[in-house]
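Under the numbering used here, read the sequence shown as residues 22 to 193, first letter to last. Down below is the structure, laid out as structure tokens.
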Amino acid sequence: MSRTLIIYSTIDGQTKAICERIASLLVNAKTEIMTIEQAGQNGLSNFNQVIIGASIRYGKHRPELYNFLKRHREELEKIKSAFFSVNVVARKPLKNTPETNPYMIKFLGLTPWRPDQLAVFAGKIDYPKYGFIDKQMIRFIMWMTKGPTDISGTFEFTDWSAVEDFAERLSS
């Protein structure tokens with residue numbers, strides 16, 4: 022049985038939820054899920070496949086993602102790998118593919134790592150969960166991009182069928 026490591030970098034938990042869904046669909050593989058910080062303390066050589074998911078906050082992936090990729094690039098290049106980015110911009114139809122999502126394009130420009138599979142998934146806005154400053158900043162960004170601004174609401178944009186399609190591609 023193949024072994025798959027699913028690594029996530031998340032702030033509010035939606036990327037972890039997507040990783041958990043992917044893991045539940047990879048029935049022909051023994052899967053482990055861990056944070057990027059946990060994965061950074063271990064090698065990747067025990068795995069046949071590594072999937073990395075990372076969220077965007079204020080226009081950037083977390084620095085831990087780039088640090089991990091820099092330290093583990095050689096290992097990643099020797100095994101099957103995939104990367105997906107989670108961001109609310111991907112809620113828009115013309116920004117929800119690796120070729121059209123500005124954060125994926127920026128990511129690929131910042132790292133020499135080229136995973137075998139790429140995906141972009143829309144995330145979630147959970148205003149009640151945010152602190153005052155984040156709530157106001159995200160509300161302003163949503164106002165500028167014609168997104169939801171009701172700070173009492175939670176808005177999930179993740180297309181779970183697209184997540185399932187991605188998992189299916191990873192299991193073949």
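Ideal Cβ placement from N, Cα and C applies to all residues, glycine included. These numbers come from a predicted model, not from an experiment.
(request) Give, in chain order, every unbroken run of the beta strand (DSSP E) that is at least 3 residues long and sits entirely within the segment 61–108. (result) Counting only runs of 3+ residues, the beta strand (DSSP E) found wholly inside the segment 61–108 occupies 70–78 and 101–107, in chain order.
(request) Quick one: grab the DSSP three-state call for residue 50. (result) Of the three classes helix, strand and coil, the one that applies to residue 50 here is strand, per DSSP.
(request) Quick one: residues in its chain with C-beta nearer than 8 Å to the C-beta of residue 156, no 5 flanking neighbours on either side, listed in chain order? (result) By the criterion of a C-beta distance shorter than 8 Å, residue 156 is surrounded in its chain by 148 and 172, once the five residues flanking it on both sides are discounted.
(request) Would you be able to state if there are at least three C-beta pairs under 8 Å between the segment 28–43 and the segment 74–85? (result) With three or more CB-CB distances shorter than 8 Å, the segment 74–85 counts as touching the segment 28–43.
(message) Buried or exposed for residue 184, going by 16 or more other Cβ atoms inside 10 Å?
(response) Using a 10 angstroms sphere on the CB of residue 184, the tally of other CB atoms reaches 16 or more, which defines it as buried.
(message) Using DSSP's beta-bridge definition, name the partner residues of residue 27.
(response) According to DSSP, residue 27 bridges with 54 and 72.
(request) Compare the Cα-Cα distances from residue 24 to each of 71, 45 and 105 and report the closest residue. (result) Taking only the C-alpha atoms, the option nearest residue 24 is 71.
(request) Tell me whether residue 175 sits in a helix, a strand or coil according to DSSP, three-state version. (result) Shown here, residue 175 sits in a strand according to DSSP, grouped into three states.
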